[in-house]
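These notes concern the structure reproduced below.
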Amino acid sequence: MNTPSSSTKSQANASSSMEVGRRALSLASQALQGAASTLGDSFEEALDALAGVKGNVVVTGVGKSAHIAAKIAATLNSTGTRSLFLHAGEALHGDVGAVHAQDVILCLSKSGGSEEVIQLLPTLTNRGCRIVAMTARLDSPLGKAADVVLDVTVEEEACPFDLAPTTSTSLQLALGDALAMALMARNGFQPDDFAKNHPAGTLGKALTWTLAQLVDSDRMPAVREDDDVPTLLKVMSEGRYGATLVWRAGTDHQLAGIVTDGDLRRAMVKGSLEGKCAGELASPSPKVLPSTTLATEAAQWMQAQGISQVIVMDGETYLGMVHIHDCLREGLI
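Under this note's numbering, the sequence shown has 125 at position 125, and the numbering climbs by one with no breaks.
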């Protein structure tokens, strides 16, 4: 009797796993498309409540819904809507002290009947908080207590036993994002506002860093136009920008041009560099940007100009150079 080989079993398992994965993604996609097509008055009412909050948007839930609630609260905070996450279980043991009458509660519970949520509702209503609910049961205790209900009913969970929250939590998360994005649009939230809430990491750098933060004050290559080629090469090598600024002879503040590696190569093709001076090799119209220029904008500009480095000035003061590799190193491109 022939039995399947181990490789055949592995292939069958891989195929089965792929189908399970595709089904999970398909169910999530269907749930999101369905929610988008039926989005209506309750969404606008929820926006009105959240946009008009005098205090915080308090996002709460229990179990998997609590994890989604925490992410929604984080997204709201980063996009201009003051928010805090409150675990429904911890709220019953003192943390509800953070909630005040001027707050709006965004409560997540698929069943609308989680024990912790049911126990928390009287305290919230007694404090005069408006409640926006995300639930799949409008007739649940949460659905009945809420001022606004956002329906998160899904046809089925991706879990083969229809038990583990999967499709439903995907919908909760997406609906939270939809609320945050709509609030951004309503409040006129701009990239500058976003930057204020994201000072760290690559994102913070992209939004806030200027050329002043990229220049290295210990590397400020500069020669005078009457300096000879050996001096020029020494300064360029020490600067490690592949270029040097060139001052007018006898000054250190009148810009005469720039000499780059490319300028040297082109000059060498034409003949010997012997007896040449920096001024003869310089490009007379160097690319200069103010130190207040956003580094991301400078990087895009350098790419568009087809150049590798730019001179950075603070008014008439030379601060140094920035190479496009500096922008790459900091994740700004």
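All residues carry an ideal CB built from backbone N, CA and C; glycine is no exception.
Beta-carbon proximity of residue i to residue j, cut-off 9 Å
{"i": "A88", "j": "V99", "result": "no"}
{"i": "M302", "j": "D261", "result": "no"}
{"i": "L50", "j": "L171", "result": "no"}
{"i": "V223", "j": "V312", "result": "no"}
{"i": "A298", "j": "V322", "result": "yes"}
{"i": "F194", "j": "L207", "result": "yes"}
{"i": "T244", "j": "L232", "result": "yes"}
{"i": "G112", "j": "A133", "result": "yes"}
{"i": "G40", "j": "D103", "result": "no"}
{"i": "A304", "j": "A282", "result": "no"}
{"i": "A295", "j": "L319", "result": "no"}
{"i": "Y241", "j": "R265", "result": "no"}
{"i": "I72", "j": "L179", "result": "yes"}
{"i": "E225", "j": "V246", "result": "yes"}
{"i": "A101", "j": "G128", "result": "yes"}
{"i": "V148", "j": "A46", "result": "yes"}
{"i": "D314", "j": "A174", "result": "no"}
Rounded straight-line distance, which links the Cα of residue j to that of residue i
{"i": "G21", "j": "A158", "result": "9 Å"}
{"i": "P286", "j": "V310", "result": "8 Å"}
{"i": "A24", "j": "V154", "result": "13 Å"}
{"i": "T166", "j": "T135", "result": "14 Å"}
{"i": "T292", "j": "T75", "result": "29 Å"}
{"i": "S140", "j": "F85", "result": "23 Å"}
{"i": "A335", "j": "F43", "result": "Look at the range of the chain in this structure, 1 to 333, and you will see that residue 335 is not part of it."}
{"i": "I118", "j": "L106", "result": "14 Å"}
{"i": "R82", "j": "T38", "result": "28 Å"}
{"i": "H325", "j": "K205", "result": "15 Å"}
{"i": "G94", "j": "S65", "result": "20 Å"}
{"i": "M18", "j": "P290", "result": "54 Å"}
{"i": "P199", "j": "D192", "result": "11 Å"}
Test: residue i CB closer than 9 Å to a CB of chain D
{"i": "I68", "result": "In summary, chain D is missing from the structure at hand, where a single protein chain is found."}
DSSP bridge partner residues for residue i (one or two, in chain order)
{"i": "M134", "result": "L108, L150"}
{"i": "H323", "result": "Q309"}
{"i": "S290", "result": "A small correction: the amino acid at residue 290 is Pro; Ser does not occupy that position in the sequence shown. Its beta-bridge partners are M313."}
{"i": "C129", "result": "Answer is none; C129 lacks a bridge partner."}
{"i": "F85", "result": "V59"}
{"i": "A222", "result": "L245"}
{"i": "T79", "result": "In the DSSP output, where bridge partners are listed per residue, T79 has none listed."}
{"i": "V259", "result": "T244"}
{"i": "S283", "result": "I258"}
Where residue i sits in the DSSP three-state scheme
{"i": "V57", "result": "strand"}
{"i": "F194", "result": "helix"}
{"i": "S237", "result": "helix"}
{"i": "V336", "result": "Any property of residue 336 remains undetermined from this structure, which presents the chain solely from 1 to 333."}
{"i": "S217", "result": "coil"}
{"i": "S26", "result": "helix"}
{"i": "G143", "result": "helix"}
{"i": "D227", "result": "coil"}
{"i": "T210", "result": "strand"}
Nearest-angstrom Cβ-Cβ length linking residue i and residue j, presumed shorter than 8 Å
{"i": "V96", "j": "L120", "result": "7 Å"}
{"i": "G61", "j": "L124", "result": "Contact doesn't hold; Cβ gap of about 13 Å is too wide."}
{"i": "P221", "j": "G239", "result": "3 Å"}
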